[in-house]
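Working notes, structure below.
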Amino acid sequence: MSVVTDIAITPEPESLTTTSRRSGSVLRDALRLWRTRIGLVLVLGLTLLAGAGPFFAPHSPTDFAGPPFSNPSSAARFGTDYLGQDVLSRFLWGGREILVMAVLATAFGIILGAIVGLLAAYSRNWLDDVLMRGMDVILAFPQIMLALVAIATVGPKPWLIVLAVGLTTLPRVARVTRGAAQPIVARDFVASAEALGVPRIRILGRELLPNILSPLMVEVSLRLTYSIGLIAGLAFLGFATSTNGANWGTMINQNRVAVQAQPWGVVLPVIAIALLTIGTGLVGDGISRAAAGIDRGRSTG
25 MSVVTDIAIT PEPESLTTTS RRSGSVLRDA LRLWRTRIGL VLVLGLTLLA
75 GAGPFFAPHS PTDFAGPPFS NPSSAARFGT DYLGQDVLSR FLWGGREILV
125 MAVLATAFGI ILGAIVGLLA AYSRNWLDDV LMRGMDVILA FPQIMLALVA
175 IATVGPKPWL IVLAVGLTTL PRVARVTRGA AQPIVARDFV ASAEALGVPR
225 IRILGRELLP NILSPLMVEV SLRLTYSIGL IAGLAFLGFA TSTNGANWGT
275 MINQNRVAVQ AQPWGVVLPV IAIALLTIGT GLVGDGISRA AAGIDRGRST
325 G
């Protein structure tokens, strides 16, 4: 006499374990690449500079250290700016605001974009069309123009800058998430979870999201690069949270009129912004290559 017993086993733990191993493998492969290591050194170094810089600044960012546009001296190692303020002190104070707002804007855009992309990929009906056409409308406008309109209407508030930059990041993240999640939606373990009556929110968070972490990690670095450049560009155009606040973008705008006589007020923030965006770009490129299997033999050799 034989007894046949049907046992329903949820596929969630297996899929999550496999996905976590795959994501960890991608990160390990990325860290073996020199481009990723160089990018991390640049990003971590400039992050440390922006975070700890104010503690080592010789002056307050608003203290006067000499005549305007004076050359480097013992009182001001890199000279003074257009008001006579110490360039080095303002440079050490100026990175924190850009980095904090860029990280917050990137996190906002990534989270909201991932939610929109997952909903669009999983719904496979009219909701998919509505969400993606809404993203297309946002993409139809130049990104900096949307940010300028919002900030010029309300004012350069920190929360508004973060919101505006995050919303311009949203459509690209949503499209990447949808494209990566669509093949996963058709997999058997998703159908099994639906047959077992797993709630939709758990399917999105436990089945789809872990399987698209690799492209999302790449998007995080790319969108962070974009956010840093856009926030610095808005500050250069005069849309900073403070008119005379210590901000790398503001420093470039304020001191560009005398760049030939006293270049340090422009050169220092330009170099910092350039190295920061190069670093985040290298990290994203390294993760992308590791996820695609490019240079794998070279990285392990």
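First residue of the sequence shown: 25, per this note's numbering; consecutive thereafter. All C-beta atoms in this analysis are idealised placements derived from N, C-alpha and C, irrespective of residue type, glycine included. Note that this is a predicted model, so its numbers are computed, not measured.
C-alpha gap between residue i and residue j, whole angstroms
i: A219; j: A210; result: 14 Å
i: G108; j: T267; result: 16 Å
i: I62; j: S238; result: 20 Å
i: G48; j: F93; result: 51 Å
i: S312; j: T104; result: 42 Å
i: L261; j: I225; result: 42 Å
i: S323; j: L246; result: Below a pLDDT of 50, predicted positions are generally treated as unreliable, and S323, at 46, falls in that range; no measurement from the model is reported.
i: V65; j: L306; result: 10 Å
i: V242; j: D309; result: 7 Å
i: G317; j: A99; result: 53 Å
i: G269; j: L292; result: 16 Å
i: F263; j: T274; result: 9 Å
i: I168; j: T193; result: 11 Å
i: R196; j: V178; result: 25 Å
i: V398; j: N95; result: Because the chain in this structure spans residues 25 to 325, residue 398 falls outside the shown range and cannot be described.
i: A315; j: G221; result: 32 Å
i: N149; j: L155; result: 10 Å
i: G257; j: L240; result: 25 Å
i: T50; j: L248; result: The amino acid occupying residue 50 in the given sequence is Val; Thr does not appear at that position. V50 and L248: Cα-Cα distance of roughly 20 Å.
i: Y106; j: V294; result: 17 Å
i: I208; j: L151; result: 18 Å
Closest residue to residue i among the options (Cα-Cα distance)
i: L187; options: L155, L232, L254, A217; result: L254
i: S147; options: V283, V214, W272, F260; result: V214
i: P182; options: N149, V127, D212, A145; result: V127
i: G171; options: I276, R52, G269, A259; result: Just to set this straight, residue 171 is Ala in the shown sequence, not Gly. Out of I276, R52, G269, A259, A259 has the C-alpha closest to the C-alpha of A171.
i: L142; options: T130, L306, G190, Q206; result: Q206
i: I134; options: Y250, R101, G75; result: Y250
i: F79; options: L151, P180, G119; result: G119
i: T4; options: L228, T60, V50, R52; result: The structure shown does not extend to residue 4, since the chain spans only 25 to 325, so no value can be given for it.
i: T265; options: I185, V222, Q278, N95; result: I185
i: L191; options: L228, A129, I208, D153; result: A129
i: P82; options: A314, R101, G75; result: R101
i: S84; options: S97, Y106, D110, D152; result: D110
i: A76; options: D153, L123, I208; result: L123
i: M125; options: D152, P180, G229; result: P180
Terminal residues of the alpha helix (DSSP H) in which residue i lies
i: I162; result: 150-163
i: L248; result: 237-260
i: F80; result: 58-80
i: A126; result: 111-147
i: S216; result: 212-219
i: A204; result: 182-209
i: G289; result: 288-316
i: G168; result: In the sequence as presented, Gly is not what sits at residue 168; that position holds Ile. Residues 167-178.
i: Q278; result: 272-279
Residue i CB to nearest heavy atom of the ligand SAM below 8 Å
i: A215; result: For the structure depicted, the ligand SAM is absent and the ligand set is empty, with no information on it obtainable.
Integer Cβ distance of residue i from residue j, believed to fall under 8 Å
i: A198; j: A144; result: 7 Å
i: E121; j: N277; result: Not really, about 15 Å apart at Cβ, beyond 8 Å.
Proximity test, Cβ basis, 9 Å: residue i and chain D
i: A285; result: This model lacks chain D altogether; it includes just one protein chain.
Query raised in the report: With contact counted as at least three CB pairs below 8 Å, one residue from each stretch, are the segment 281-300 and the segment 101-118 in contact?
Result: yes
Query raised in the report: With a cut-off of 8 Å, do at least 3 Cβ pairs link the segment 231-245 to the segment 135-145?
Result: yes
Query - Meets three-Cβ-pair contact criterion under 8 Å: the segment 156-164 and the segment 192-207 - result: yes
**Report entry** Cβ contact (3+ pairs, closer than 8 Å) linking the segment 50-58 and the segment 75-88
**Finding:** no
**Report entry** At least 3 beta-carbon pairs within less than 8 Å: the segment 65-79 vs the segment 291-306
**Finding:** yes
Query raised in the report: Are at least three pairs of beta-carbons, each pair with one atom in the segment 276-286 and one in the segment 160-174, less than 8 Å apart?
Result: no
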